[in-house]
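**Q** Residue 49 in our numbering sits at position 36 of the sequence shown; the count goes up by one each step and never skips. Note that the Cβ used here is the ideal one computed from N, Cα and C, for glycine as well. To start, I am sharing the structure in question, which I have written as structure tokens.
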Amino acid sequence: MTRGSSGHEGGRALKTRVKTARKRSLASTLWLERQLNDPYVAQARREGYRSRAAYKLLEIDDKYRMLKPGHRIVDLGAAPGGWSQVAAARVASRAGRGRVVAIDLLQMDAIEGVEFQTMDFHDPEAPERLRAWLGGLADGVLSDMAANATGHRKTDQLRIIGLVELAADFACEVLAPGGYFLAKVLQGGVDGDLLARLKREFALVRHVKPKASRADSAEFYVLATGFRGPRTATEA
């Protein structure tokens, strides 16, 4: 790894470059170089957030004001916990007002104001377990999950749509009327069937691209607000 001594040259910050190591692939080297030169990564370290993803949720919530003090929030695929940190601060769970429930198959270090449980939200019993844990319904379900990338855009899009569909199924089982659902998708957004379903279940559906998402990233977020509540048998 090489750096300029002053950090600036001709008025511009020098870029940190990473030398390719014998046991490191080119893709890993490029990822590491991008991390070292990402201002959000550096800011997250300074401000104590566990991931740069925290700034995406902060930006979305600054604009749409979903997270309110006293809300009960479920964070799916929460590890390492950047979104849970933001949610805990904004719903005031650290002060005992709201609640943030973080769910993941991976273990996650404790966060003040966040309740963590190892759970597979795909499990048919997961929504009932979550409702029992909360003692009721949630105000919001958040998902910054992404399926493992293959490098093939169409395949990756199908995988993440499948993941969003599962997250939407879960959300519709645990949300209170008026609740919201925020999930990561890839460029092009949700497909027609899922978009139609979300429009039936929620009053308003938006696609959001926060500035904190990398410029070269294909990620977007779908924000569905105003959950209409469970449909009756005659409406289904």
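Report back the beta-carbon spacing between GLY95 and SER156 to the nearest angstrom; my notes put them in contact at under 8 angstroms.
**A** So it is not a contact: roughly 13 angstroms between Cβ atoms.
**Q** Roughly how many angstroms separate the alpha carbons of THR245 and ARG107, rounded to a whole number?
**A** Unreliable positioning characterises THR245 in this predicted model, as indicated by a pLDDT of 44, which lies under 50. The coordinate reading is nonetheless provided below. Going from the Cα of THR245 to the Cα of ARG107 covers about 37 angstroms.
**Q** Rounding to the nearest angstrom, what Cα-Cα distance links TRP44 and ARG65 in this structure?
**A** Note that TRP44 has pLDDT 39, beneath the 50 cutoff, so the model's placement of it is unreliable and the number below is only indicative. The straight-line gap from Cα to Cα measures roughly 14 angstroms.
**Q** Going residue by residue through the region 96-168, where are the continuous beta strand (DSSP E) segments of at least 3 residues, counting only ones entirely within it?
**A** Counting only runs of 3 or more, we get 112-117, 127-131 and 151-156.
**Q** Name the DSSP bridge partner or partners of ILE251?
**A** The displayed coordinates of the chain run from 14 to 249. Any statement about residue 251 would go beyond what the structure contains.
**Q** Taking 8 angstroms as the threshold (C-beta atoms), are VAL113 and ILE86 in contact?
**A** Closer than 8 angstroms, so yes.
**Q** Tell me the residue span of the alpha helix (DSSP H) that contains TYR68.
**A** Run containing TYR68: 67-77, per the alpha helix (DSSP H) assignment.
**Q** Please state the DSSP three-state secondary structure of LYS212.
**A** Residue state, collapsed to three classes: helix.
**Q** By alpha-carbon positions, which one of GLY175, GLY111 and LEU179 ends up nearest to ASP133?
**A** Here the closest residue by C-alpha is LEU179.
**Q** Does the region 234-241 come close enough to the region 187-196 to have 3 or more Cβ pairs within less than 8 angstroms?
**A** Yes, they touch.
**Q** Could you check what DSSP says for GLY242 in three-state terms: helix, strand or coil?
**A** In the structure shown, GLY242 sits in coil (DSSP, three-state: anything other than H, G, I, E or B).
**Q** Quick check: what's the CA-CA separation for GLU138 versus GLY83?
**A** Answer to the nearest angstrom: the Cα atoms are 26 angstroms apart.
**Q** In the DSSP output, what is VAL198 paired with across the bridge?
**A** For VAL198, which the question treats as bridged, DSSP gives the partners PHE233.
**Q** Could you work out which residue in PHE215, ASP206 and ASP204 is closest to CYS185 when comparing CA atoms only?
**A** Of the listed residues, the one whose Cα sits closest to CYS185 is PHE215.
**Q** Go through its chain and collect everything with a Cβ distance to LEU207's Cβ below 8 angstroms, but skip five positions before and after it.
**A** If we look at LEU207 and ignore the five residues flanking it on each side, its Cβ neighbours are ILE174, VAL177, GLU178 and ALA181.
**Q** Thinking C-beta only, is LEU118 closer than 8 angstroms to VAL187?
**A** Contact: no.
**Q** Among the candidates TYR68, ALA231, PHE183 and GLY205, whose CA atom is the shortest distance from the CA of ASP136?
**A** The residue with the shortest Cα to Cα distance from ASP136 is PHE183.
**Q** Just verifying my parser: in three-state terms, what is the DSSP assignment at GLY175?
**A** Three-state result, GLY175: helix.
**Q** Helix, strand or coil: how does DSSP classify GLY192 here?
**A** The answer is strand: DSSP assigns GLY192 an E or B state.
**Q** By how many angstroms is the C-alpha of ALA55 removed from the C-alpha of VAL31?
**A** Below a pLDDT of 50, predicted positions are generally treated as unreliable, and VAL31, at 46, falls in that range; no measurement from the model is reported.
**Q** LEU195 and PHE233: beta carbons closer than 8 angstroms?
**A** Cβ atoms of LEU195 and PHE233: not closer than 8 angstroms.
**Q** Can you tell me whether LEU217 is helix, strand or coil according to DSSP?
**A** Three-state result, LEU217: strand.
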